[in-house]
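Residue numbers for the sequence shown follow this note's numbering, so the first one is 1 and each next one is one higher. Cβ coordinates follow ideal geometry from the N, Cα and C atoms, glycine included. Note that the structure is predicted; figures quoted are calculated from it, not measured. Data block below; observations after.
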Amino acid sequence: MPKNSDFSRPNFHAVKVIGHRNPDTDSICAAISYTRLKNAIDPDRSYKPCRAGQLNRETTFVLDYFGAQLPQLYTDVSPQVRDVDIRLAEGVDGGLSLREAWTRMRDQNLDTLCVIDGEKNLKGLITVKDVATANMDGIDPYILAKAETTYDNLIDTIDGTVLVGDPTGKRIEGRIIIGAGNSEMMERAIKKGDVVIVSNRSESQLTAIEMEAGCIVVGADSKVSKTLRMLAEENDCMIISTPLNTYATGQIMPQAAPISYYMKKDDLMTFTLNTSVEAATKIMGSVRHRYFPVLGDDGKYLGVVSRRNLLNLHKKQLILVDHNEKSQAAEGLEDAEVLEIIDHHRIGSLETDNPVYFRNMPVGCTCTIIYQMYQENDIAIDKQTAGLMLSAILSDTLMFRSPTCTPLDERVARKLAVIAGVELEAYADEMFEHGGDISGETAEQIFGTDYKVFNSGRFHFGVGQGSYMSEKNRKAAEALVGPYLETAREKQGLDFVYYLFTDVRGASSEVLMAGKGAEILVAHGFDAEVKDGVAELPGVVSRKKQFIPKLIDTMKHETDL
């Protein structure tokens with residue numbers, strides 16, 4: 001599938017253009033097409049198309065037909081780690097010495113370093129406490145060998161200069177020995193491979209070489225004779241000179257050990273960009289260190305966050321398309337900032353903290369409004385975008401059969417069909433046929449294809465709708481969904497649930513219902529006969545214009561409920 005600019009911008013804080021839960025074709029296509037318009041007219045900000053639920057078959061067909069990419073899923077827009085200022089602290093190699101780790105923590109004012117490999121996979125982490133503990137426990141003379149410390153680390157730690165030998169790729173194999181006392185005492189103490197700290201006494205230097213020390217470290221930049229250098233080279237003994245005195249060298253040498261030996265490797269507490277701020281706050285309260293690793297969407301190390309970062313929260317910024325009721329929006333909307341609303345439905349219950357750009361028009365489809373905005377801003381519509389917008393209009397207007405369809409919807413659709421390069425009627429038949437195919441789907445999947453929850457006074461109710469070109473598909477869907485309606489009503493805590501099964505060609509619907517009093521509302525509101533929870537509604541094909549308004553009006557005046 002082609003990748004468009006609206007998906008590729010690496011901006012965690014992009015404005016999210018999103019439709020309603022249980023998205024239909026208009027909801028998805030409006031999000032994509034409006035995102036492209038906003039990125040064109042406002043290039044200084046980043047806009048990203050999103051969805052609040054899974055796609056139905058019709059919309060999946062549309063995206064596949066025109067090669068459009070699936071918008072990212074956001075069922076919950078509550079604050080996440082991606083909405084805070086992540087500190088992009090550089091990961092470190094596990095071979096880094098304790099000394100260097102401490103230096104970086106001090107200079108960067110960090111108490112935690114994240115250890116990564118060459119591909120930015122998180123391997124472990126080490127804290128200031130770990131470094132301090134290692135230093136306090138650094139009395140084991142074998143520690144450098146146990147930690148598989150490289151000579152390069154040792155040289156950096158003691159600010160050493162190599163006088164004899166090549167440290168490249170070599171690891172320390174023996175103990176740390178202070179070469180004090182007479183030659184006889186040293187001979188008894190030194191074993192092959194040991195690292196021996198000596199002073200300027202040539203006797204001590206010679207004894208260490210003769211006892212096959214792996215390395216001698218000469219303190220205070222003391223001189224080493226050419227004869228001893230030659231002898232060390234013959235015995236494969238490295239000689240390193242350091243400006244530190246013997247005492248300081250012995251104290252600091254254990255800090256050459258790599259942090260991989262001390263770092264925490266198992267059960268790491270990490271966050272992803274999708275971790276909720278609420279969950280992150282709870283985890284942080286249970287651990288003493290301040291900084292926690294963050295993994296990107298690809299699972300690679302990205303940076304760290306602290307409690308302070310969580311206080312500097314950036315609310316998700318949203319543009320709502322094809323809905324304006326809180327009950328239809330993604331979860332967590334109250335914790336987000338709504339910037340715009342582009343819709344063609346009744347004005348519902350949504351409240352915002354600040355003034356927003358609100359464009360609501362009595363047309364059959366949100367994409368008809370978006371088409372006008374393209375024209376107003378003199379932005380050309382590409383073939384793919386035209387195909388998506390056309391599909392949305394055909395879907396929402398039932399190919400111009402719905403009473404919600406206006407002359408503007410049809411004019412816009414025919415213009416878009418030309419740009420998209422499709423024969424309108426043939427494409428519409430194919431789209432509806434794919435959308436009506438229910439093979440392999442469950443009752444719950446069909447039910448959620450195009451379903452919305454509404455509030456009116458003391459009543460809370462849900463209305464779904466499926467449009468079918470063939471009676472076979474329509475009857476099969478009814479048989480599956482009918483028994484599920486009461487389960488859905490109870491699960492959502494609603495008073496009533498209705499589902500319209502619309503015959504596109506016959507321009508009529510059968511409505512199935514659940515809930516005490518649901519049948520009374522349909523019988524009185526539509527003057528219809530309800531039999532076994534099913535009513536025939538000739539001429540009713542629009543949930544928005546024909547079913548919802550009459551149902552709400554009946555609720556207001558019905559006294560038998």
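For the alpha helix (DSSP H) that contains residue i, what are its first and last residues?
| i | result |
| --- | --- |
| residue 367 | 366-376 |
| residue 191 | Per DSSP, residue 191 belongs to no alpha helix (DSSP H) and is neither H nor E. |
| residue 522 | 518-526 |
| residue 35 | 25-41 |
| residue 250 | 246-252 |
| residue 399 | First-last for residue 399: undefined, no H or E at that position. |
| residue 432 | 424-436 |
Let me make sure I understand the geometry here. Which of the options has the alpha-carbon closest to that of residue i?
| i | options | result |
| --- | --- | --- |
| residue 431 | 461, 398, 454, 457 | 398 |
| residue 227 | 216, 221, 202 | 202 |
| residue 436 | 21, 97, 527, 61 | 61 |
| residue 361 | 478, 485, 379, 405 | 405 |
| residue 534 | 519, 339, 385, 434 | 519 |
| residue 378 | 15, 40, 17, 23 | 40 |
| residue 160 | 110, 239, 95, 132 | 239 |
| residue 52 | 282, 27, 43 | 27 |
| residue 123 | 88, 514, 294 | 294 |
| residue 278 | 69, 556, 81 | 81 |
| residue 69 | 268, 460, 384 | 384 |
| residue 447 | 477, 543, 342 | 477 |
| residue 71 | 107, 36, 100 | 36 |
| residue 217 | 255, 198, 211, 232 | 198 |
| residue 84 | 187, 184, 349, 276 | 276 |
| residue 153 | 131, 178, 336, 254 | 254 |
| residue 419 | 225, 390, 444, 445 | 390 |
| residue 274 | 531, 183, 212, 75 | 75 |
What did DSSP end up calling residue i once you bin it into helix, strand or coil?
| i | result |
| --- | --- |
| residue 361 | coil |
| residue 346 | coil |
| residue 73 | strand |
| residue 160 | coil |
| residue 133 | helix |
| residue 446 | helix |
| residue 97 | strand |
| residue 152 | helix |
| residue 6 | Low local confidence applies: a pLDDT of 40 at residue 6 is under 50, so the model's placement there is unreliable, with the coordinate-based value given in what follows. Here residue 6 sits in helix by DSSP. |
| residue 561 | coil |
| residue 1 | In this prediction, residue 1 scores a pLDDT of 34, lower than 50, which makes its location untrustworthy; the coordinate-derived value is nonetheless stated afterwards. Residue state, collapsed to three classes: coil. |
| residue 474 | helix |
| residue 175 | coil |
| residue 403 | coil |
| residue 55 | coil |
| residue 381 | coil |
| residue 258 | strand |
| residue 139 | coil |
| residue 481 | helix |
| residue 288 | coil |
| residue 184 | helix |
Since residue i contacts residue j with CB under 8 Å, what's their CB separation in whole angstroms?
| i | j | result |
| --- | --- | --- |
| residue 395 | residue 58 | 6 Å |
| residue 449 | residue 466 | 6 Å |
| residue 471 | residue 503 | 7 Å |
| residue 388 | residue 32 | 6 Å |
| residue 97 | residue 156 | 6 Å |
| residue 485 | residue 499 | 6 Å |
Between which two residues does the beta strand (DSSP E) carrying residue i extend?
| i | result |
| --- | --- |
| residue 535 | 534-538 |
| residue 50 | 47-51 |
| residue 238 | 238-241 |
| residue 454 | 451-456 |
| residue 418 | From DSSP, residue 418 is part of no beta strand (DSSP E) but of the alpha helix (DSSP H) over 407-420. |
| residue 112 | 112-116 |
Can you tell me which residues form a DSSP beta bridge with residue i?
| i | result |
| --- | --- |
| residue 509 | 502, 537 |
| residue 16 | 48, 318 |
| residue 514 | 497 |
| residue 465 | 500 |
| residue 123 | Looking at the DSSP assignment, residue 123 forms no beta bridge with any residue, so it has no partner. |
| residue 204 | BP columns for residue 204 are empty, so no partner. |
| residue 293 | 304 |
| residue 80 | 276 |
| residue 460 | 455 |
| residue 264 | 125 |
| residue 216 | 196, 239 |
| residue 271 | 294 |
| residue 313 | 84 |
| residue 337 | 317 |
| residue 531 | 534 |
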